[in-house]
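The structure appears right after this line, and notes come after that.
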Amino acid sequence: MRNRHSFATLALAALVQGQTPPKTFPAAEQSLQITWNGQNLAANQTLPQSLVMTPPIVSVNYTMAGAETYMLVLADLSIPGSWLPNTTSPLDIAVGMIPDRTTWLQWLQTDLTQAANGTLYSSVAPVAPYGYPNPPSGDGLHTYVFYLFPQTCGNGSLVGLNAGRDVYSTSAPDRLDFNLDDLAATAGFPIAANYFRVTADGTSMSGNAASAAKPTAAGTASSSTQSTNGVGMTVPGIGLLALMSLASAVVMLV
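Under mature numbering (1 follows the signal peptide of the UniProt record, and there is no 0), the residues of the sequence shown are numbered -18 to -1, 1 to 236, in order.
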């Protein structure tokens, strides 16, 4: 069953790819506007670590329709597979950028609504407070992806393979191997996304933040109380129902 699901999700990813890294899932074609210190993020941009130490402003440049509340996820897709316990079954690994890489949850904010200017904001505490990107020294570029999901579960609680995780601490082991595939299966496809890259190597970072050490992939943001600003959007083109139908057809063929 897992192989069938993976085949279907890869087929869908090929259709909606645009604002997420190639050949990764979940995928989105609409851009999530991310702003740090007045600088707007372009997809696949390499940023200095000093710029991303605090949560960005998040917004959508048109009015979103459908869901009343939204859920924002930021994940590192480049965590070494060697960080996983030896007892981890290959079938349970949340695949990151490539098969020998997994994920780390950097930030999970629920109950977001869209302001008139497109900014996303929330008055509730994050499920997983923002941990600034902090790749291990010598591990090269890490890819970080923002996803904006419809909040289909009323209180934004984690369900499915992610249920029961304690992710509040920025160094919580439960942030490792966070399953984005399963989140998309329960919440629906992301409405918008964006991604960037950071390295702990001196070539593309400034500042002197400490490098991550297993199992800590994220630094601690300067404030535990975070307000989130963002963008809103509708989904044009193929449409969710058509995508769901395609997924069903692919599974039947497999």
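Positions of the beta carbon are idealized from the N, C-alpha and C atoms, including for glycine.
All values reported here derive from a predicted model rather than from experimental measurement.
The three-state reading of DSSP puts P72 in helix, counting H, G and I together. Closest option to H124, judged by alpha-carbon separation, among A49, G20, W18, L56: L56. In the three-state reduction of the DSSP assignment, R147 falls in the coil class, being assigned neither a helical nor a strand state.
For the pair of segments examined, the segment 91 to 99 was found not to touch the segment 158 to 173: the number of CB pairs separated by less than 8 angstroms stays below three.
Boundaries of the beta strand (DSSP E) around D58: 52 to 62. Measuring C-alpha to C-alpha distances from V180 to each of S13, G(-1), N26, G20 identifies N26 as the nearest. At a Cβ-Cβ threshold of 8 angstroms, Y129 and P172 count as neighbours. Assigned with DSSP and collapsed to three states, A175 falls in strand. Excluding the 5 residues flanking it on each side, L87 has same chain C-beta neighbours closer than 6 angstroms at A57, A110, V149, R157, F160, in chain order. For L90, the pairing in a beta bridge is given by DSSP as V55, A110.
By the Cβ neighbour-count rule, V40 is buried, with 16 or more other Cβ atoms within 10 Å of its own. When beta bridges are read from the DSSP output, R83 appears opposite P62.
Judged by their CB atoms, S60 and M35 are not nearer to each other than the 8 angstroms cut-off. By the C-beta density criterion, Y114 is buried, having at least 16 other C-beta atoms within 10 angstroms. Boundaries of the beta strand (DSSP E) around T17: 15 to 18. For T168, the enclosing alpha helix (DSSP H) covers residues 162 to 169.
Counting other Cβ atoms within 10 Å of its Cβ, L73 stays below 16 and is therefore classed as exposed. Linking R83 to P108 through their CA atoms gives a straight-line distance of about 26 angstroms. With contacts defined by Cβ atoms closer than 8 angstroms, S13 and Q1 form a contacting pair. P117 and P67 have their C-alpha atoms some 19 angstroms from each other. In this model, M53 and S119 are separated by some 31 angstroms (Cα to Cα). Remark: C-beta atoms of N144 and L23 do not approach each other more closely than 8 angstroms.
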